[in-house]
Structures are given as C-alpha cells and as structure tokens.
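Worksheet for the structure shown next.
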Amino acid sequence: MHNSAARLIPDYNRELVELSRTKNSDYPLTATFSCIGESSNTEIINAKYVVGCDGARSIVRQSIGQQLKGESARQLWGVMDILAVTDFPDIRKKAAIQSAEHGSLLIIPREGGYLVRMYIELCELQGDERAGDMGVTPTSLTDKAREILSPYTLNVKQVVWWSAYEIGQRVCDVFDNVPNEKREQQLPDTFIAGDACHTHSPKAGQGMNVGMADAFNLGWKLATVIRGQAKPALLHSYSQERQAKALELINFDKDMARLFSDKPKDAETARLFQQYFKKHARYTAGVETQYSASAITLPRKHQQLATGLQVGMRFHSQMVVRLSDAKPVQLGHTIKADGRWRLFAFAAASDNGQVDKPLASLCSFLETNPKSPIVKFTPDNSDIDSVIDVRAVFQANHRELAIESMPSLLLPQKGSMGLIDYEKIFCAIQSADIYDTRGIDRDKGALVVVRPDQYISCVLPLSDYDGLAGFFDHILIPAQVTYS
Ligand SMILES: Cc1cc2nc3c(=O)[nH]c(=O)nc-3n(C[C@H](O)[C@H](O)[C@H](O)COP(=O)(O)OP(=O)(O)OC[C@H]3O[C@@H](n4cnc5c(N)ncnc54)[C@H](O)[C@@H]3O)c2cc1C
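Residue numbers (the working numbering): 661 to 1144.
Put into structure tokens, the structure is as follows:
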C-alpha cells in the first residue's frame, strides 16, 4: 500500500471492538478501536461511511444485524505446500483426484517449478466441532494424501506450510445496513465485503477474487458519492449486485463440492466432472460476471448493435490502432479504473468523422448541448473528460483518416497548459477487426456506455441523445448542485 499511488500506510494494531450509531448527522457512525500495545488504549473514529472487510467473524456484520446464513454442515479441509518426489505424472498440472475409497484432493502447482499445494478433503464437522480440535497434523495430511494418490507414490521432503480449516457455504441477506424492504426509505452507510458477507470452499479459488470484486464494485460508487458527483441512492446497487453474485458463487461451489466429493462411479461421472471444470473456466477466471438490469445497467434493448459487448459484463478488450501514432493497443487497456465513466462510440461504415456524420454530431451534442451529460456533470475548471471520457473507434484504416479534421471533443485540450490529448481516437485492425470480434453493427455503429468499474451499462444507437442523457440524469448530480 505504501508503494502504491495513494501512498497509504495501514493502521496496524487496531482492533475494532464496537461500531455504533450516533445522532451526529455529518458523521453518524462511531467506531471504537482498542490500540494494542499503546499507552492510550482506545481510539474513536467518527465516520460518514464504514466498510467492514473484517473477515468471516466480522464485527461490522454483527453491528448491522446481519448473519452468514446457509447450511449448518461444515467441511474440514487440510492444505499443505510441499516439496515432494512422486511418480504421479500430473503433479505440475492443476488436477482433481477422486480416489475410489480414500477421498479426494486437489493439486495446484505453485510458482518456482517445485512447490505443490494440495487441498485435502477431510471429514464433515458436526455441532460445535472446530478445525483446531480435530488433531490434524502435517503427518496426518501427508498420510491422507498418500492414500488418495496410491498406487502412485508420494515422498514428502518438506512441508513448507500447512493448515486445517473449516468451510461453510454461507451468505448474508444484504451486504449493507438496509434491509431490502426498507430500500425505498433508507440510504446505506455501512457495508460489508469479502468473507464478512460470504464464505465458501476454496476449490474454485474464488474467495479472495470475489472479495476483491466486492471492493472494486463498491469503491467507485462510494468515491463518486463522497465527491458529490452521484446521488447517494447509487450505493444501494452494491448490495443488490454483489449479493446476487455471491449466491451464484455459492451455488457453483455446491455443485463443485458435490462433484468433487462424489466417489467416481464410472468413466461417465469422471467425464462430467471434467466437463464442469472446463465449462466454468471463464467463471473461475472472473470474467463471467453479468450484472442484472438496474439504474446503472439498462435492459438490453439495443444489444444487437454490439453483440460481443454484453450489457452487464466487463468491457471485452480487443486490439485496435491508435490514430495519432498508428500504434496497436488494447482498447480495454487504454481506460484506467480511475472513477470516470467511458463512452465508446463505434462509427458506422461510411463515417470517417466528417461534420455531417453521426459521430461528429454526437460529439457536438456532448460538447455543447445543455442536455449533454458532459455539459451538465463536468465541474467548471475541470478537464472536459474528467467525469465522462469519450473514445471513438472507426472502421477505416488509420491511413484514410485525417486527425486534423476530427471533432474537437476527441482532441481535448487539458491540464494547466491546455495540451492536446491525442489518445481518444482508434481504428479497427484488419487482421482482428473489433467490428467482427465484438459483433458491432457496421451499418449503424454503436455507442457503448462503460461504468467506472469497466462493466457495460448499456449499448445505444449513436443518435439516442435522450436515452444517453436520461441514463446519466438518474445517477449523477449536476456539477453546480450540492446534494444532501
Ligand atoms: C486454505 C485457504 C486457501 C484459499 N485459497 C484461495 C485461492 O486460491 N483463491 C482465492 O481467491 N481465495 C482463496 N481462499 C479464500 C481467501 O483467503 C479469503 O476469501 C480471503 O482472504 C477473504 O479476504 P477478506 O479480506 O474478506 O478477509 P480476511 O482475509 O479474513 O481478512 C480480514 C482481516 O480483518 C482483520 N480483522 C478481523 N476482525 C477485526 C477487528 N475486529 N478489528 C481489526 N481487524 C480485524 C483480520 O485480522 C484480517 O486481517 C483460501 C482460503 C483458505 C482458508
């Protein structure tokens, strides 16, 4: 964190002991910390918002009256990172091994070429039984792994790290302090993320990934609301979007757990397990998330204009050529997760940016019309792309386009010196044409609205100015208005 752009240093040795609500309308939340190893042993922080990333035994979750709900059965697992000699041929591949009689294990080859992680399924815990009481040791884990791998041999030379842990598949009803039935009347100010609101087995390697996706979803929303750019109602969408994704993950995890723990009956069941693993590769890679329709994700009315840029899913990148320097770049990598909204305008076939064509008309509307979201929501004295950043993609080869006659919105003068930003205009690459790979309508073009977390909010016709303006009017606050 210290080396990151924000140069933050965590406050270590603080334990949250209580989170309470006060009558102070500016800072309605009071967090009381005990300071471990310091003379004054309590610290109080008054806050507008609190995000509890405090793990499966979250105090923040308790303070908002939420519980992890789910099946009471908990599975005991052992995990060890080992240096070993074995004749098992797939030791350097991710592999799930289901033995006939002795249970299952998962192999994850670790970095460096030698180290291997093994996840070993042990027994189910009942009642008050805890992982720590079950007498698991590195030796018992090694013995169990040998049994499962038999007739292959496993000669463990060193157990570098090991642990035993319990997993329950559980999730909270909501991920903030507003029960669903009160969403119309109350705004959320306390949130929970990661293991604080969902727990599951590590088979799909998703716990940390999904927790980070929670924080990524919440971060930009909280930042824009705190900056006074967005209406606080935007914060409802965090729980709505991420709780649904956590439920999906738990269902996926249940299927995986069942398939993993089942005794392999025959070649057909083994094949089904293999198929399930493959089918969900995109899911486990974290690119299968699709948010449902909401204020920030519109229904897919115009999806046919860009069939490969699915509304509700991550903006799917593709190589294009940057017009200003003819450099091939990944379009998705040109946008940073910096809190700005993005409009990707894909030009129709004959449109090379000429003044009377749809792309230039859109740019003119965005730059000058009082109804334009850029005009409305960009503060005075800020760069024109500081809230909504417009990028254009043309079908023509970059040699056919004249940068000097492009709309001024695509060559904005920015910063204290008014330098020109030359990195807003791109062309399709013939060998992997983005219009083909992302199914963009060549005759009509398309306008793709991308959220600050790089998920697609909507696909619109290039000329749907009212649709575009209406979308942002629901979410953002005019730059000169203060919202309370
Ligand atoms: C063996 C194992 C293997 C795993 N493998 C993977 C994997 O391959 N991929 C993957 O994505 N996930 C994996 N996971 C899951 C992953 O580790 C968790 O989902 C993830 O760590 C959750 O992150 P978190 O920040 O929500 O909670 P935690 O990592 O639990 O962090 C919570 C933090 O809050 C602190 N805290 C708690 N209470 C307080 C308090 N009152 N005051 C102050 N601080 C407090 C804790 O000390 C801790 O530092 C694995 C888990 C296990 C057990």
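Where is the CB? At the ideal position from N, CA and C, for every residue including glycine.
Quick caveat, the model's predicted, so the values are computed rather than measured.
- The C-alpha of Trp822 lies about 7 Å from the C-alpha of Gly738.
- The beta carbon of Ala1020 sits closer than 7 Å to those of Gly1013, Gln1014 and Pro1067, all from its chain and outside the five residues before and after it, given in chain order.
- Ranked by Cα distance from Val981, the options Gln903, Val1053 and Asp855 are led by Val1053.
- Between Leu1069 and Tyr1082, the C-beta gap is not smaller than 8 Å, which leaves the two residues out of contact.
- In terms of Cβ geometry, Ile780 and Ala805 form a close pair [threshold 8 Å].
- Counting only runs that start and end inside the segment 687-742, the beta strand (DSSP E) elements of at least 3 residues fall at 689-695, 702-707 and 710-712.
- For Pro1018, the number of other beta carbons within 10 angstroms of its own is at least 16, and it is reported as buried.
- In the DSSP assignment, Arg1051 falls within the beta strand (DSSP E) that extends over Ile1048 to Phe1054.
- DSSP, read as helix, strand or coil, puts Met916 in helix.
- By alpha-carbon distance to Cys1087, the top candidate from Asp1049, Phe1025, Asp1126 and Gln978 is Gln978.
- One thing to note: Leu1107 has its Cβ within 8 Å of the Cβ of Leu1128.
- Per DSSP, the unbroken alpha helix (DSSP H) holding Tyr1095 starts and ends at Ile1094 to Thr1097.
- In the three-state scheme derived from DSSP, where H, G and I count as helix and E and B as strand, Ser954 is classed as strand.
- With a contact defined as Cβ atoms closer than 8 Å, Asp855 and Gly725 miss out at about 18 Å.
- Membership of Ser1024 in the alpha helix (DSSP H) is indicated by the continuous run Pro1018 to Thr1028.
- Taking 8 Å as the cut-off, the Cβ atoms of Ile1048 and Trp1001 count as close.
- Not one heavy atom of ligand 1 is found less than 7 Å from the C-beta of Asn877.
- Uninterrupted beta strand (DSSP E) stretches at least 3 residues long and entirely within the segment 810-834 occur at 814-827, given in chain order.
- Here Cys857 is buried, its C-beta having at least 16 other C-beta atoms within 10 Å.
- Annotation: the continuous beta strand (DSSP E) that includes Val1110 extends over Ala1106 to Val1110.
- DSSP, reduced to helix, strand and coil, places Asp836 within a strand of the structure shown.
- Apart from sequence neighbours up to five positions away, the residues of its chain that approach Cys713 with a beta-carbon distance below 6 Å are Ala853 and Gly854, ordered along the chain.
- For the pair Phe912 and Tyr951, the CB atoms are not nearer than the 8 Å cut-off.
- Taking 8 Å as the cut-off, the beta carbon of Pro892 is found closer than this to the beta carbon of Leu847.
- Scanning Leu801, Val720 and Cys832 for the CA closest to the CA of Asn815 turns up Leu801.
- Using a Cβ distance threshold of 8 Å, Val831 and Lys729 count as a contacting pair.
- Beta-bridge analysis with DSSP links Met778 to Met740 and Ile767.
- Secondary structure of Leu965 (DSSP, three-state): helix.
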